[in-house]
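Chemist: Just dropping this structure here.
Protein chains: 2
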Amino acid sequence: MSDGPGANLGLLLFIPYRAMESAVLEEVRRQGFEMPINQARVFQRIGPAGSRLGELAEASQVSKQTIGSIVDQLESAGYVERVPDPDDARARLVVVAERGRQAIEAGLPVLHQVEARWREHLGVAKYEQLRRILADLVEITDPFA
Amino acid sequence: MSDGPGANLGLLLFIPYRAMESAVLEEVRRQGFEMPINQARVFQRIGPAGSRLGELAEASQVSKQTIGSIVDQLESAGYVERVPDPDDARARLVVVAERGRQAIEAGLPVLHQVEARWREHLGVAKYEQLRRILADLVEITDPFA
DNA sequence: GCAAATTAGTCCGAGTTTCGGACTTGTGCC
DNA sequence: GGCACAAGTCCGAAACTCGGACTAATTTGC
């Protein structure tokens with residue numbers, strides 16, 4: 001896994017990710033929205049029009065049972081809702097509920113603050129470049145794309 | 001957490017990371033080196049000269065007990081070794097052992113292969129730019145720096 | 001059309017992981 | 001030397017995760 005100092009591209013991606021995640025989650029919790037990290041990681045993958053359990057399982061790379069359990073918790077905490085999928089009666093769509101939107105709202109300022117800090121450190125040009133390159137890279141690395 | 005399509009910089013970092021991690025780990029396992037993901041995530045943070053448990057705990061953002069348990073497993077699998085820290089008799093250094101080096105060796109080809117694929121998709125210039133920018137970003141986001 | 005094969009999701013139980021709290025041992029400071 | 005602090009470990013409880021088996025709905029094949 002390791003490939004000498006500074007050369008492990010995977011780790012180079014993970015460290016800033018983890019920093020962002022911690023900062024946002026800490027603020028969200030501080031505002032009274034309890035949410036363990038495993039729930040947050042599933043929650044953030046819910047698409048704008050809702051996502052199926054299977055999709056979330058694939059995107060998060062965990063089993064369907066695990067996703068089911070995590071969605072149960074998110075649901076009973078009021079962050080998400082299960083609605084019938086109009087296209088398939090077997091499936092249900094997981095959609096963000098009102099309290100979930102509030103939690104997102106609670107995290108946004110810190111998200112932007114961290115981004116601003118990064119932008120300041122890197123300079124605007126490199127920051128924007130980073131966004132573009134990553135968006136491009138996600139095209140070929142998202143298991144659920 | 002989410003901030004509209006493509007706008008969540010955290011997720012943009014995480015998705016390629018996860019892809020890299022999965023690919024490398026799959027190959028490492030295929031070659032007979034069993035290693036659960038939580039062990040791998042700790043393992044990859046071990047520094048060239050070894051790391052203390054506390055350092056690993058901080059870098060991985062989990063408790064000392066958890067790290068202790070994970071290192072136990074890595075140790076009994078032969079991937080790491082605990083050696084006394086010459087500077088502090090309370091502490092022990094976790095260092096990569098022979099089998100750990102073999103596991104790293106086993107993953108390197110796939111690591112390079114994935115990197116090559118990314119380089120091809122992005123183009124050499126953007127790929128190199130990505131590396132540079134991330135290395136720069138890690139400077140301010142690594143909790144153990 | 002309709003039976004067979006497949007897919008979406010759930011239930012259940014076992015093994016594992018993680019952590020808070022309390023403890024031991026060693027360090028550093030006065 | 002004594003006292004606050006830091007590095008790890010032990011213990012027990014709670015939470016997490018998954019394999020296997022199941023139900024319900026959809027798609028395939030003939």
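In the order they appear, the protein sequences are chains A and B.
Under UniProt numbering, the residue at position 49 of the first sequence is numbered 49, and the numbers go up by one with no gaps.
Under UniProt numbering, the residue at position 81 of the second sequence is numbered 81, and the numbers go up by one with no gaps.
Note that CB positions come from ideal geometry on N, CA and C, so glycine has one too.
Can you tell which of B:T66, B:L130, B:H112 has its C-alpha closest to the C-alpha of N38 of chain B?
Modeler: For the purposes of this step, residue 38 of chain B is identified with residue 38 of the second sequence, where counting begins at 1. When each option's Cα is compared against that of N38 of chain B, the closest is B:T66.
Chemist: I need the boundaries of the beta strand (DSSP E) containing E81 of chain A, first residue and last residue.
Modeler: Looking up residue 81 of chain A in the first sequence gives position 81. From DSSP, the beta strand (DSSP E) with E81 of chain A extends over 80-84.
Chemist: Reducing DSSP to helix, strand and coil, say where R90 of chain B ends up.
Modeler: In the second sequence, counting from the first residue as 1, residue 90 of chain B sits at position 90. It is coil, neither helix nor strand.
Chemist: Under 9 angstroms Cβ-Cβ, which residues of chain A neighbour P109 of chain B?
Modeler: Position 109 of the second sequence, counted from the first residue, corresponds to residue 109 of chain B. Neighbours of P109 of chain B on chain A: none; closest Cβ ~11 angstroms, over 9 angstroms.
Chemist: Could you tell me the alpha carbon to alpha carbon distance between V83 of chain B and E55 of chain B, rounded to whole angstroms?
Modeler: For the purposes of this step, residue 83 of chain B is taken as residue 83 along the second sequence, with counting starting at 1. For the purposes of this step, residue 55 of chain B is taken as residue 55 along the second sequence, with counting starting at 1. One C-alpha to the other measures close to 15 angstroms.
Chemist: With a cut-off of 9 angstroms, does the C-beta of D142 of chain B fall near any C-beta of chain A?
Modeler: Here residue 142 of chain B corresponds to residue number 142 of the second sequence, with the count starting at 1. Yes, because at least one Cβ of chain A sits closer than 9 angstroms to the Cβ of D142 of chain B.
Chemist: Put V62 of chain B into one of helix, strand or coil per three-state DSSP.
Modeler: Position 62 of the second sequence holds residue 62 of chain B. DSSP places V62 of chain B in coil when its eight states are reduced to three.
Chemist: When DSSP labels each residue in this structure, what does R101 of chain A get in the three-state scheme?
Modeler: In the first sequence, the residue the question calls residue 101 of chain A occupies position 101. In the structure shown, R101 of chain A sits in a helix (DSSP, three-state: H, G or I).
Chemist: Verify whether the separation of the beta carbon atoms of A77 of chain A and E34 of chain A is less than 9 angstroms.
Modeler: Residue mapping note: residue 77 of chain A aligns to position 77 of the first sequence, counting from 1. Residue mapping note: residue 34 of chain A aligns to position 34 of the first sequence, counting from 1. Cβ distance < 9 angstroms, so A77 of chain A and E34 of chain A count as in contact.
Chemist: So if I threshold CB-CB distances at 9 angstroms, which residues from the stretch 5-27 of chain A count as touching chain B?
Modeler: P5, G6, A7, N8, L9, G10, L11, L12, L13, F14, I15, P16, Y17, R18, A19, M20, E21, S22, V24, L25
Chemist: So what does DSSP say about R52 of chain B, is it helix, strand or coil?
Modeler: Against the second sequence, residue 52 of chain B aligns to sequence position 52. It is a strand residue.
Chemist: Distance check for D85 of chain B and P48 of chain A, CA to CA, integer angstroms please.
Modeler: Against the first sequence, residue 48 of chain A aligns to sequence position 48. Against the second sequence, residue 85 of chain B aligns to sequence position 85. One Cα belongs to P48 of chain A, the other to D85 of chain B, and the distance between them is close to 51 angstroms.
Chemist: Name the one or two DSSP bridge partners that V42 of chain B has.
Modeler: On the second sequence, residue 42 of chain B is found 42 positions in, with the first residue counted as 1. Paired residues: none, contrary to the question.
Chemist: On the DSSP letters alone, give me the boundaries of the alpha helix (DSSP H) that D136 of chain B sits inside.
Modeler: Here residue 136 of chain B refers to the residue found at position 136 when the second sequence is read from its first residue. Here the alpha helix (DSSP H) through D136 of chain B covers 124-141.
Chemist: Relative to the alpha-carbon of L93 of chain A, which residue among A:P16, A:A57, A:M20 has its alpha-carbon at the smallest distance?
Modeler: The count along the first sequence starts at 1 and reaches residue 93 of chain A at position 93. The shortest Cα separation from L93 of chain A among A:P16, A:A57, A:M20 belongs to A:A57.
Chemist: With DSSP as the reference, identify every bridge partner of V96 of chain A, one or two as the case may be.
Modeler: As a first step, residue 96 of chain A must be located in the first sequence, where it is residue number 96. Looking at the DSSP assignment, V96 of chain A forms a beta bridge with A:V80.
Chemist: Given A91 of chain A, which residues of its chain have a CB within under 7 angstroms of its CB, disregarding the five upstream and five downstream residues?
Modeler: Taking the first sequence and counting its residues from 1, one reaches residue 91 of chain A at position 91. So the qualifying residues of the chain are R52, D85.
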